[in-house]
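Numbering that gives the first Met the number 0 puts the first residue of the sequence shown at 0, with every later residue one more than the last.
Even for Gly, the Cβ is constructed at its ideal location relative to N, Cα and C.
Predicted, not measured: the structure shown is a model, and the values here were computed from it.
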Amino acid sequence: MISEFYKDMTGKGSVIREFFAYSMERAKVVGSENVYNFSLGNPSVPAPENFTKAMENLLANEEPVHLHGYSPTLGIDSTRKAIADSLNRRFGMNYGPEHIFPTTGAAGALSHAMRCVVKEGDEVITFAPYFPEYIPYVNGTGATLKVVPADTSSFQINFEEFEKMMNEKVSAVLINSPNNPSGIVYTTQTIDRLAEILLRKQEEYGHEIFLISDEPYREIIFAGADAPFISAHYDNSICCYSFSKSLSIPGERLGYVAVNPKAKDAEYIVPMCGQISRFTGHNCPPSIIQLAVERVIDETSDLSIYETNKNLLYKALTDIGYKCVEPNGTFYMFPQSLIPDANEFCWRAAKEFDLILVPGDSFECKGHFRIAYCVQTEMIEKAIPLFKKLYDLYC
0 MISEFYKDMT
10 GKGSVIREFF
20 AYSMERAKVV
30 GSENVYNFSL
40 GNPSVPAPEN
50 FTKAMENLLA
60 NEEPVHLHGY
70 SPTLGIDSTR
80 KAIADSLNRR
90 FGMNYGPEHI
100 FPTTGAAGAL
110 SHAMRCVVKE
120 GDEVITFAPY
130 FPEYIPYVNG
140 TGATLKVVPA
150 DTSSFQINFE
160 EFEKMMNEKV
170 SAVLINSPNN
180 PSGIVYTTQT
190 IDRLAEILLR
200 KQEEYGHEIF
210 LISDEPYREI
220 IFAGADAPFI
230 SAHYDNSICC
240 YSFSKSLSIP
250 GERLGYVAVN
260 PKAKDAEYIV
270 PMCGQISRFT
280 GHNCPPSIIQ
290 LAVERVIDET
300 SDLSIYETNK
310 NLLYKALTDI
320 GYKCVEPNGT
330 FYMFPQSLIP
340 DANEFCWRAA
350 KEFDLILVPG
360 DSFECKGHFR
370 IAYCVQTEMI
380 EKAIPLFKKL
390 YDLYC
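Quick look at the structure:
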């Protein structure tokens, strides 16, 4: 008999993918150049030239059995050291290779981190708007995900509601900054206040509360943004990272877990990740990708187009009349829908103007829609008159 649990999940597909699939069908009819697809967060800039050169050099000169062989269970030692050294240089931390566990992207990192510090019956708190895949990441541990309603005036943490939801069952708090879908970066003041509450609640409840930070957009920060390194502000913290956005290599699936050296039982967490892999079938990311990233560890793609696109789109939309909290990172924008039903709004945008947007309901923030502006600037320029026509239908 097949699993009824996973069978039921097949009928609950991603809304993001639903809109993307619609865009692909429309492109067959009207041409891809006439469909303005803002649905997926797929990087639109190439990987750095040095990453390509590193791959070429490895393929030309590295011993093939080593290059294409299994990675050690906990990752390649030199790659783990390179990641730790980079974090220490950039953020004043004290990681060693023993605190780093390479994973298949941030998704793999989150799944491992969650299983390390959460058990069946626990609660994990996150903050709306949030990436909907957090639900299976948490449910897979037997814990329950609790969501703090959004402060839509700023998309910083709604601390009043957060403190109401804290209780002895909470073993972890999951945050995403810079944030998908809002584009907001949690400020130093926000992170310090969160850390103060967690320290107080740890003492009150008599057990650790881990802060798991989901940081795939860490390098996409716009001018003037206050963007603290979260783990520097709270000891019981685990950073989950991906090189997908910084190096524009989402298909290569490389990220990592970085365990704060000051965390309780820090010396056990990475070895535990190796054991968790036995249950999840993770079995390490490809050796060649670990070795290539190691050689460009402090580099990024040219990410400047995302700020260019943000400035252009934010000004145009707010000039038209849309209401939106200005992003200070990522390549997402999260304006208010022009009607309460964001699903209806997004389908009308798609069917009348070939504007492919994503309703905020998926992120547990109704009345908003997400724009993924990781596209060519020319596409945004062509789409702006369509956003104006869409606005004029309602206002």
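Between the alpha carbons of Tyr21 and Pro128 lies a distance of about 24 Å.
In this structure, Tyr390 lies near Leu337, with their beta-carbon atoms less than 9 Å apart.
According to the DSSP assignment, Asp84 belongs to the alpha helix (DSSP H) that extends over Asp76 to Phe90. Just measuring C-alpha positions, the residue of Thr187, Ser152, His281 and Ala81 sitting nearest Pro227 is Thr187.
By the criterion of a C-beta distance shorter than 8 Å, Phe18 is surrounded in its chain by Ser38, Cys345, Ala349, Ile355, Leu356 and Val357, once the five residues flanking it on both sides are discounted. For a cut-off of 8 Å, the C-beta gap from Asn235 to Lys263 is around 6 Å, short enough to register as a contact. Taking all protein chains in view, the Cβ of Ala222 is surrounded by fewer than 16 other Cβ atoms within 10 Å, so the residue is classified as exposed. Three or more Cβ pairs closer than 8 Å define a contact, and the stretch 297 to 314 falls short of that threshold against the stretch 147 to 155. The DSSP assignment places 341 to 352 as complete runs of the alpha helix (DSSP H) inside the stretch 315 to 358, in order along the chain (cut-off: 4 residues). Cβ contact annotation for Asp297 (same chain, cutoff 6 Å, sequence separation greater than five): Ser85, in chain order.
Under the three-state reduction of DSSP output, Ala371 falls in the strand class. Rounded to the nearest whole angstrom, the CA to CA distance from Tyr255 to Cys394 is 46 Å. In this structure, the beta-carbon distance from Ile75 to Ser212 does not fall below 9 Å.
Per DSSP, Gly254 lies in no alpha helix (DSSP H) segment; the continuous beta strand (DSSP E) that holds it begins and ends at Gly254 to Val258. For Leu173, the beta-bridge partners assigned by DSSP are Ile211.
In the DSSP assignment, Val147 forms a beta bridge with Phe126. Leaving aside the five residues that flank Ile288 on each side, the residues in its chain whose CB is nearer than 6 Å to its CB run, in chain order, Glu251 and Leu253. The bridge partners DSSP lists for Ile1 come to none.
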